Amino acid sequence: MARKVLTLAEVRDSALRNVSFEAIAAGKTVAEGGEVVSVLVGEGVGSLAQELIAYGADRVVTIEHTNLKAYTSDGYSQALMAVIDSENPEGIIFGHTALGKDLSPKLASKLNSGLISDATEVEEVGGNLVFTRPIYSGKAFEKKIVTDGVIFATVRPNNIASLDKDESRTGDVSSLDVDVKDLRTIIKEVVRKATEGVDLSEAKVVVAGGRGVKSEEGFEPLKELADVLGAAVGASRGACDADYCDYSLQIGQTGKVVTPDLYIACGISGAIQHLAGMSNSKVIVAINKDPEANIFKVADYGIVGDLFEVVPMLTAEFKKLLVTN
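In structure tokens form, the structure reads like this:
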């Protein structure tokens with residue numbers, strides 16, 4: 071069944087987030103040969119439309135307004151409802167991000183539809199659309215079949231591979247005028263805490279530290295390894311609670327959920343709350359002095375040893391490999 075599917079593009083610091091392209095890939099599966107229309111919302115974002123087409127969107131609809139410069143639930147709801155009324159889609163795909171998690175249930179409720187959240191896979195099986203999502207803090211997965219109604223879903227970043235970028239692809243770009251008003255929240259200024267290196271939520275490689283780093287200075291070897299690998303630095307809640315690092319680096323049930331290609335856990339015991347935020351990483355390497363540490367139960371590779379000895383050795387070896395290649 072061919073469907074028209076909308077996907078919401080997300081912009082940060084004047085650039086499209088990777089989850090925008092992953093949503094398009096998921097949208098292609100949901101569309102089953104139908105049209106995928108990417109929606110670009112903000113102020114001064116029209117120049118990004120062609121990149122969405124290069125990653126697979128058939129069309130792009132832009133909505134620009136000064137009240138959409140920063141995200142608000144009211145503003146984006148008005149913008150998306152205008153597109154929904156205009157396009158009458160059979161499916162709408164969001165990233166499972168702070169924005170997507172806030173906006174998608176509100177819109178689904180307006181359309182009296184259900185919502186499949188945090189999907190890690192979308193596939194067509196026997197004529198049915200099947201969404202896979204983690205449950206019980208990632209210990210199990212459930213499959214949901216959609217049979218009718220408008221399909222609302224959020225997709226977990228770094229799980230559904232984006233399509234190959236093709237600069238030669240062409241598609242229509244149109245704008246939709248929406249009078250965004252009556253906002254209950256007015257954003258005057260957005261000030262983000264300065265962060266070093268790669269964005270944790272979209273990183274392909276993550277080097278994370280736990281209480282085993284022992285101090286703020288203990289994160290320095292991890293940062294050096296991350297620099298060599300082009301990785302993001304993360305942390306367990308224990309490390310954040312101990313004031314070794316900022317809570318913006320926290321990974322886990324009450325922090326960020328990450329699914330990188332490679333996750334290197336340094337001095338992390340493996341509490342269930344932390345595993346909920348990283349256990350779906352493609353490859354997990356654990357470094358811990360305690361051979362009975364719970365983290366080894368989910369690790370693909372384990373190194374029993376002092377992280378302050380092991381991590382510098384890894385950094386040196388990776389440097390050699392990079393020079394050789």
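Numbering (our numbering), first residue to last: 71 to 395.
Just so it is clear, CB atoms sit at the ideal spot from N, CA and C, and this is done for glycine as well.
As the structure is a computational prediction, the values presented were derived from the model and not from experiment.
Determine the burial state of residue i: buried for a count of at least 16 other Cβ atoms within 10 Å of its Cβ, exposed for fewer.
{"i": "Met348", "result": "buried"}
{"i": "Glu134", "result": "buried"}
{"i": "Ile334", "result": "buried"}
{"i": "Arg87", "result": "buried"}
{"i": "Lys98", "result": "buried"}
{"i": "Ile256", "result": "exposed"}
{"i": "Val393", "result": "exposed"}
{"i": "Ser285", "result": "exposed"}
{"i": "Leu391", "result": "exposed"}
{"i": "Glu160", "result": "buried"}
{"i": "Tyr371", "result": "exposed"}
{"i": "Lys84", "result": "The displayed chain sequence assigns Ser, not Lys, to residue 84. With fewer than 16 other Cβ atoms within 10 Å, it is exposed."}
{"i": "Arg262", "result": "exposed"}
{"i": "Arg254", "result": "exposed"}
Just the Cα atoms here: how many angstroms apart are residue i and residue j?
{"i": "Leu138", "j": "Gly104", "result": "29 angstroms"}
{"i": "Lys258", "j": "Arg281", "result": "38 angstroms"}
{"i": "Val100", "j": "Ala127", "result": "13 angstroms"}
{"i": "Val260", "j": "Ser245", "result": "26 angstroms"}
{"i": "Ile373", "j": "Asp218", "result": "49 angstroms"}
{"i": "Glu212", "j": "Tyr125", "result": "29 angstroms"}
{"i": "Phe366", "j": "Val355", "result": "8 angstroms"}
{"i": "Tyr206", "j": "Lys214", "result": "15 angstroms"}
{"i": "Lys326", "j": "Ser271", "result": "7 angstroms"}
{"i": "Ala231", "j": "Ala95", "result": "7 angstroms"}
{"i": "Val283", "j": "Asp311", "result": "13 angstroms"}
{"i": "Ser174", "j": "Leu76", "result": "12 angstroms"}
{"i": "Glu379", "j": "Ser351", "result": "24 angstroms"}
{"i": "Gly279", "j": "Leu78", "result": "33 angstroms"}
{"i": "Asp297", "j": "Pro361", "result": "28 angstroms"}
{"i": "Gly208", "j": "Ala346", "result": "6 angstroms"}
{"i": "Val131", "j": "Ser108", "result": "6 angstroms"}
To which residues does DSSP link residue i through a beta bridge?
{"i": "Ser245", "result": "Thr132"}
{"i": "Thr240", "result": "For Thr240, which the question treats as bridged, DSSP gives no partner whatsoever."}
{"i": "Phe211", "result": "Pro204"}
{"i": "Phe222", "result": "Ile162"}
{"i": "Thr77", "result": "Ser108, Ile163"}
{"i": "Leu332", "result": "Val275, Val353"}
{"i": "Tyr141", "result": "Answer is none; Tyr141 lacks a bridge partner."}
{"i": "Gly372", "result": "Ala356"}
DSSP three-state call for residue i: helix, strand or coil?
{"i": "Gln320", "result": "strand"}
{"i": "Asp188", "result": "strand"}
{"i": "Val260", "result": "coil"}
{"i": "Ala85", "result": "strand"}
{"i": "Ala305", "result": "strand"}
{"i": "Tyr314", "result": "coil"}
{"i": "Lys180", "result": "helix"}
{"i": "Ile94", "result": "helix"}
{"i": "Glu194", "result": "strand"}
{"i": "Val381", "result": "helix"}
{"i": "Leu118", "result": "helix"}
{"i": "Lys367", "result": "helix"}
{"i": "Val153", "result": "helix"}
Tell me whether residue i, by its Cβ, gets closer than 6 angstroms to a heavy atom of the ligand MG.
{"i": "Leu122", "result": "Inclusion of the ligand MG in the displayed structure is not the case, the ligand content being empty and no account of it being possible."}
If contact is defined by three or more beta carbon pairs under 8 angstroms, each pair taking one atom from either stretch, is the segment 236 to 256 in contact with the segment 335 to 345?
At 8 angstroms Cβ cutoff, the stretches do not touch.
Check whether the segment 164 to 177 touches the segment 222 to 234, counting contact only when three or more Cβ pairs, one atom from each stretch, lie closer than 8 angstroms.
Touching, yes, given that three or more Cβ pairs across the two stretches are closer than 8 angstroms.
Is the segment 171 to 185 in contact with the segment 277 to 296, if contact means three or more CB pairs nearer than 8 angstroms?
Cβ pair count under 8 angstroms is below three, so no.
Whether or not the segment 139 to 154 and the segment 106 to 123 are in contact is what I'm after, with contact meaning three or more pairs of Cβ atoms, one per stretch, closer than 8 angstroms; do they touch?
Yes: the two stretches touch, three or more of their Cβ pairs being nearer than 8 angstroms.
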